[in-house]
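Asks: Residue 3 is where the sequence shown starts when you use our numbering, and the numbers rise one by one after that. The structure is given below, and queries will be raised subsequently.
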Amino acid sequence: MQSSCIEAYKTYKQRSYKEFSKIHSMASYLAMFPPVLPHSFITRYSQENDLVYDPFAGRGTAPFEACRMGRIGIGNDLSPLAFCLIKAKTNIPKISKIKKRLNDLARHYQPPDIAGVDMDIRMLFDENLTLPQLVYLKQSLKLSRPVDNFIMATLAGIMHGKHRKDGTSIYCSIDMPNTFSMSANYIRGFVAKHGLKKLRQDVFQSLEYRIDSLFAPAKYPQQDMSRYQRGYCFNADAIKCSQKVVKKYGKNSITLIITSPPYLKNISYGKYNWIRFWLFKKDFEGFKQNQYRLEGLKDNLTFEKYAHYLQELFNSWAEVLKPGGRAVVVIGDLHALNLAQKTWDWIQAHGGCALHLEEILEDQAKSNAKTTRIWGAKKGQATKTDRILILKKEL
Numbered sequence: 003m004q005s006s007c008i009e010a011y012k013t014y015k016q017r018s019y020k021e022f023s024k025i026h027s028m029a030s031y032l033a034m035f036p037p038v039l040p041h042s043f044i045t046r047y048s049q050e051n052d053l054v055y056d057p058f059a060g061r062g063t064a065p066f067e068a069c070r071m072g073r074i075g076i077g078n079d080l081s082p083l084a085f086c087l088i089k090a091k092t093n094i095p096k097i098s099k100i101k102k103r104l105n106d107l108a109r110h111y112q113p114p115d116i117a118g119v120d121m122d123i124r125m126l127f128d129e130n131l132t133l134p135q136l137v138y139l140k141q142s143l144k145l146s147r148p149v150d151n152f153i154m155a156t157l158a159g160i161m162h163g164k165h166r167k168d169g170t171s172i173y174c175s176i177d178m179p180n181t182f183s184m185s186a187n188y189i190r191g192f193v194a195k196h197g198l199k200k201l202r203q204d205v206f207q208s209l210e211y212r213i214d215s216l217f218a219p220a221k222y223p224q225q226d227m228s229r230y231q232r233g234y235c236f237n238a239d240a241i242k243c244s245q246k247v248v249k250k251y252g253k254n255s256i257t258l259i260i261t262s263p264p265y266l267k268n269i270s271y272g273k274y275n276w277i278r279f280w281l282f283k284k285d286f287e288g289f290k291q292n293q294y295r296l297e298g299l300k301d302n303l304t305f306e307k308y309a310h311y312l313q314e315l316f317n318s319w320a321e322v323l324k325p326g327g328r329a330v331v332v333i334g335d336l337h338a339l340n341l342a343q344k345t346w347d348w349i350q351a352h353g354g355c356a357l358h359l360e361e362i363l364e365d366q367a368k369s370n371a372k373t374t375r376i377w378g379a380k381k382g383q384a385t386k387t388d389r390i391l392i393l394k395k396e397l
């Protein structure tokens, strides 16, 4: 099990997150894996111009790293936030076009009426400048346009976050976590208890600053964009997306799949992203009343349904993978449960699947790198274990 593959991955893991492109950190996202993981497996299992696919792409780490490395990165996600982020990273416009569009938006800005904005949103932002600008951008940006989509993705990344000690911030909100949204009631109580102040932020200036940062000159090889190729993003259920891949790229077209299927009883993506989701929801009140559930997302699955879903998913990959192609599947332990091994054992006991298991690698990480800690709590030092299944389509 401790093959040359895991040894190579351990070598790559020594690289700092800061050595990778800042485009990766456009917006934080729950349960994201670090860029070094796709980087190492893309290096090992693919060549330039190969197709690399992630059916649960989240914030687009794997497809963007593939594009940056001269592959064609393909992503998929049901979340409107994730879809926006993946599209932005797999179809990056020229900075000159982004700046021109941002300047045009600023020049035509007229403060909109914010009376109808949900009170949960209003408590987070200055209502004289910041919130009206956010409402204007929400109404004005057309996500079918790559430039507008990139601006929206950048805006999602600065919607909320921490303040500096001097009271300034690159973020638009009150002082709060950047990666996830606490519940509205919790925030309301925290604001009252600690007397948090709203910052009067010029959103256009914050966006320009952030965009300049994202396009800063490369300092490390893993930031080099000279081989970047445009990729693609789907917005579908992962199993159904396999057929979309076949329709667009043909059977046996994918060289490498890198993904981390969420165990959906463990993380509620809508609930923990409700502030950013406001940008994408016309009917935000209905979204709230539906407890921030994402349409089409199969959440709250029992283990058996989860394992059966992955069995069907793996079988669907047999149609899209090239002979000899691989799928790298990252599944985190659930408390003391080795979820990856249990899932694979269940699949084998219920008919198996069309892909062959080469090995299961073990990857341990400090939990303080995770972002589901309670607001203001001290960082824990417990170890979290991810299992990496290496699946192969036989020749």
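All residues carry an ideal CB built from backbone N, CA and C; glycine is no exception. The model shown is predicted, which means the values in this text are computed figures rather than measured ones.
#1: Between the alpha carbons of residue 126 and residue 88, how many angstroms are there, rounded?
#2: Residue 112 by DSSP, collapsed to three states: which one?
#3: Quick check on DSSP: helix, strand or coil for residue 229?
#4: Would you decide whether residue 141 is buried or exposed? Buried here means 16 or more other CB atoms lie within 10 Å of its CB.
#5: Ignoring anything shorter than 4 residues or poking outside the segment 162–220, list the alpha helix (DSSP H) runs there in chain order.
#6: So, using beta-carbon positions, are residue 229 and residue 50 closer together than 9 Å?
#7: According to DSSP, residue 149 sits in a beta bridge with which residue or residues?
#8: Taking the Cβ atom as the reference point for each residue, do residue 330 and residue 263 lie within a distance shorter than 9 Å?
#9: So, with DSSP's three-state summary, where would you put residue 288?
#10: Under 7 Å Cβ to Cβ from residue 26, same chain only, skipping five residues before and after it: list those, please.
#11: Can you confirm whether the segment 100–109 touches the segment 244–263 when touching is taken to mean that 3 or more C-beta pairs between the two stretches lie within less than 8 Å?
#12: Classify residue 354 as helix, strand or coil using the three-state DSSP reduction.
#13: Tell whether a beta-carbon distance below 9 Å holds between residue 153 and residue 162.
#14: For a test of the three-state rule: what should DSSP assign to residue 106, helix, strand or coil?
#15: Locate the beta strand (DSSP E) running through residue 20, then write down its first and last residues.
#16: Report the rounded CA-to-CA distance for residue 334 versus residue 363, giving the unit in angstroms.
#17: Measure the beta-carbon distance from residue 224 to residue 23 and round it to whole angstroms, keeping in mind my assumption that it falls under 8 Å.
#18: For the segment 39–123, which segments carrying the alpha helix (DSSP H) assignment without a break, of at least 4 residues, lie completely within its bounds, in sequence order?
#19: Using the rule of at least 16 other Cβ atoms within 10 Å of the residue's Cβ for burial, across every protein chain shown, is residue 32 buried or exposed?
#20: To the nearest angstrom, report how far apart residue 148 and residue 160 are at their CA atoms.
#21: What residues in its chain sit with their C-beta under 8 Å from that of residue 253, if we drop five residues either side in the sequence?
Replies: The answer reads as follows:
#1: Counting from one through the sequence shown, the residue named residue 126 turns up at place 124. Counting from one through the sequence shown, the residue named residue 88 turns up at place 86. Straight-line Cα distance between these residues: approximately 26 Å.
#2: Residue mapping note: residue 112 aligns to position 110 of the sequence shown, counting from 1. Reduced to three states, the DSSP call for residue 112 is coil.
#3: For the purposes of this step, residue 229 is taken as the residue at position 227 of the sequence shown. In this structure, DSSP gives residue 229 a state outside helix and strand, which the three-state scheme calls coil.
#4: Here residue 141 refers to the residue found at position 139 when the sequence shown is read from its first residue. Here residue 141 is exposed. Its C-beta has fewer than 16 other C-beta atoms within 10 Å.
#5: Within the segment 162–220, the complete alpha helix (DSSP H) runs of at least 4 residues are 186–196 and 205–216.
#6: As a first step, residue 229 must be located in the sequence shown, where it is residue number 227. As a first step, residue 50 must be located in the sequence shown, where it is residue number 48. Result yes, Cβ atoms of residue 229 and residue 50 sit closer than 9 Å.
#7: Counted from its first residue, the sequence shown places residue 149 at position 147. For residue 149, DSSP assigns no beta-bridge partner whatsoever.
#8: Residue 330 sits at position 328 when you count from the first residue of the sequence shown. Residue 263 sits at position 261 when you count from the first residue of the sequence shown. In this structure, residue 330 sits away from residue 263, with a CB-CB distance that is not shorter than 9 Å.
#9: The residue labelled residue 288 in the question sits at position 286 within the sequence shown. Three-state DSSP puts residue 288 in a helix.
#10: As a working note, residue 26 is residue 24 in the sequence shown. Excluding residues within five positions, the ones whose Cβ falls inside 7 Å are 37, 63 and 66.
#11: No, the segment 244–263 does not touch the segment 100–109.
#12: Mapped onto the sequence shown, residue 354 falls at position 352. Reduced to three states, the DSSP call for residue 354 is coil.
#13: Residue numbering aside, residue 153 sits at position 151 when the sequence shown is read from its first letter. Residue numbering aside, residue 162 sits at position 160 when the sequence shown is read from its first letter. When the beta-carbon positions are compared, residue 153 and residue 162 stay at least 9 Å from each other.
#14: Against the sequence shown, residue 106 aligns to sequence position 104. Note: residue 106 maps to helix in three-state DSSP.
#15: Working through the sequence shown from its first residue, we reach residue 20 at position 18. Where residue 20 is concerned, there is no enclosing beta strand (DSSP E), given that its DSSP letter is neither H nor E.
#16: Walking along the sequence shown from the start, residue 334 turns up at place 332. Walking along the sequence shown from the start, residue 363 turns up at place 361. Between residue 334 and residue 363, the C-alpha separation is close to 11 Å.
#17: Stepping through the sequence shown from its first residue, residue 224 is reached at position 222. Stepping through the sequence shown from its first residue, residue 23 is reached at position 21. Confirmed, about 7 Å.
#18: Within the segment 39–123, the complete alpha helix (DSSP H) segments of 4 residues or longer fall at 63–70, 82–92 and 97–109, listed in chain order.
#19: Start at 1 with the first residue of the sequence shown, and residue 32 comes out as number 30. When all chains shown are included, residue 32 counts as buried.
#20: Stepping through the sequence shown from its first residue, residue 148 is reached at position 146. Stepping through the sequence shown from its first residue, residue 160 is reached at position 158. As the crow flies, the alpha-carbon of residue 148 is around 19 Å from that of residue 160.
#21: Within the sequence shown, residue 253 is the residue found at index 251, counting from 1. 321 and 322, listed in sequence order.
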